[in-house]
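Number of protein chains: 2
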Amino acid sequence: MLPSLLGYVLRRTQSAVFADFAATFARAGEALTPAEFGLLVLVERNAGLSQMALARALGIDRSTLVPILNRLQARGLLVRRSSPTDGRTHALGLTPAGEKALAKFAKLVAAHEKRIASGLSAAETRKLIELLEKVRDKAIP
Amino acid sequence: MLPSLLGYVLRRTQSAVFADFAATFARAGEALTPAEFGLLVLVERNAGLSQMALARALGIDRSTLVPILNRLQARGLLVRRSSPTDGRTHALGLTPAGEKALAKFAKLVAAHEKRIASGLSAAETRKLIELLEKVRDKAIP
DNA sequence: CGGAATTTGTTTGCTCCCCAAACAATCTCC
DNA sequence: GGAGATTGTTTGGGGAGCAAACAAATTCCG
């Protein structure tokens, strides 16, 4: 019965994919969570982003963001610059070390993505993402 | 870029589905996590199951199981009976209250499942589950 | 038979993610 | 200029997950 429940299969799959992500990084002697990776990518492509904007883009609460930013900043990958125009916000940005690290992380993520999608054709992968997005959009916000 | 990463879309979708699950129960004045529901279903269909067997079936560590069982037992939905044949194991089972509660929970889950799959045809839902299982099976264990 | 190895459930310790509520600082709008 | 909104942080709470260590019980073998 459980194997026919979308929510259950989704949860189990997500758990397995998370484990693969962690294993991929561990084998490379690196450590990063999926949340940290997503954050780094978003900050790189949107330098100067505020924490609120970032939290919205990631779909998480702004208070959830704080410890993640703290960790990345402590690792020297990211900085909170004070915004000249708005004293409340922080302009987030990657350090040079952050840019460099992200380039390496992206390669690991690419290998990870390739592995988990290795049982699917390119068309199936696109279809899967499309179906997942449809499910996501029907959930109660 | 992130929207084309399977892992990212999977994580976001799972998060939205989890929120829908929680909202469905909250609106009905009930409280249950997806993990608790999965556990209850497995115990109902496999009365007398040991904790190790249950942990394996759920794909989690046996130490992770303990607090979940404690909660359900504290709510009077589940019991740990001592096995007559093997003194190490506990024979898990639902109480009459647990059976009754699970029947109600199952209805809520059915409504939740119907909602999240409401953007998909029956064939698409089956396809989605099939693709998710393929992804799950390729992940590093 | 009897000791060694294994299995099971628990506890402890650690990590991550998530939210809600409260607070000070800052900005915006009247 | 003051009221109200926004931003980042802190605090408090919860769920989920793993690893390592332990006692109790069972199994395996010599």
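Line by line, the protein sequences give chains A and L.
Okay, so the first sequence: first residue is 1 according to the numbering used here, each after it adds one.
Okay, so the second sequence: first residue is 1 according to the numbering used here, each after it adds one.
In this text, a Cβ means the ideal position worked out from N, Cα and C, and glycines have one as well.
Check	Outcome
Beta-bridge partners of L/L78, as assigned by DSSP	L/L94
Buried versus exposed, by CB contacts within 10 Å (16 or more), A/A101	buried
Run of the alpha helix (DSSP H) containing L/E130, from where it starts to where it stops	122-138
Inter-residue CB distance, A/I140 and L/D137 (contact presumed, cutoff 8 Å)	That belief does not hold up - the Cβ atoms of A/I140 and L/D137 are roughly 30 Å apart, past 8 Å.
Beta-carbon proximity check, A/L108 vs A/T24, cutoff 8 Å	yes
Chain-order list of residues whose beta-carbon lies under 8 Å from that of L/A97 (same chain, five-residue window excluded)	G76, L77
Three-state secondary structure (DSSP) of L/L101	Sequence check: residue 101 of chain L is Ala here, not Leu. Helix at L/A101.
Where L/A31 falls: helix, strand or coil (DSSP)	coil
L/R11 classed as buried or exposed, judged by whether at least 16 other C-beta atoms fall within 10 angstroms	buried
From A/V17, A/R126, A/A47, residue whose alpha carbon lies closest to that of A/T33	A/V17
Unbroken alpha helix (DSSP H) run spanning A/M52, endpoints	51-58
Contact set between L/Q14 and chain A, taken where Cβ atoms lie within less than 7 Å	L10, R11, Q14
Which of helix, strand or coil DSSP assigns to A/R88	coil
Interface residues of chain A facing L/E124 [CB-CB closer than 7 Å]	L131
L/G29 classed as buried or exposed, judged by whether at least 16 other C-beta atoms fall within 10 angstroms	exposed
Within 8 Å of chain L by C-beta, residues of the stretch 40-61 of chain A in sequence order	V41, L42, R45, G59
A/D20 - DSSP class collapsed to helix/strand/coil	helix
Pair within 8 Å by beta-carbon distance, L/L39 and L/L72	yes
Residues near A/T95 in its chain [Cβ-Cβ closer than 7 Å; skip 5 each side]	G76, L77, L78, V79
Cβ neighbours of A/A117 in the same chain (closer than 7 Å, five flanking residues each side left out)	T125
For A/P67, three-class secondary structure by DSSP	helix
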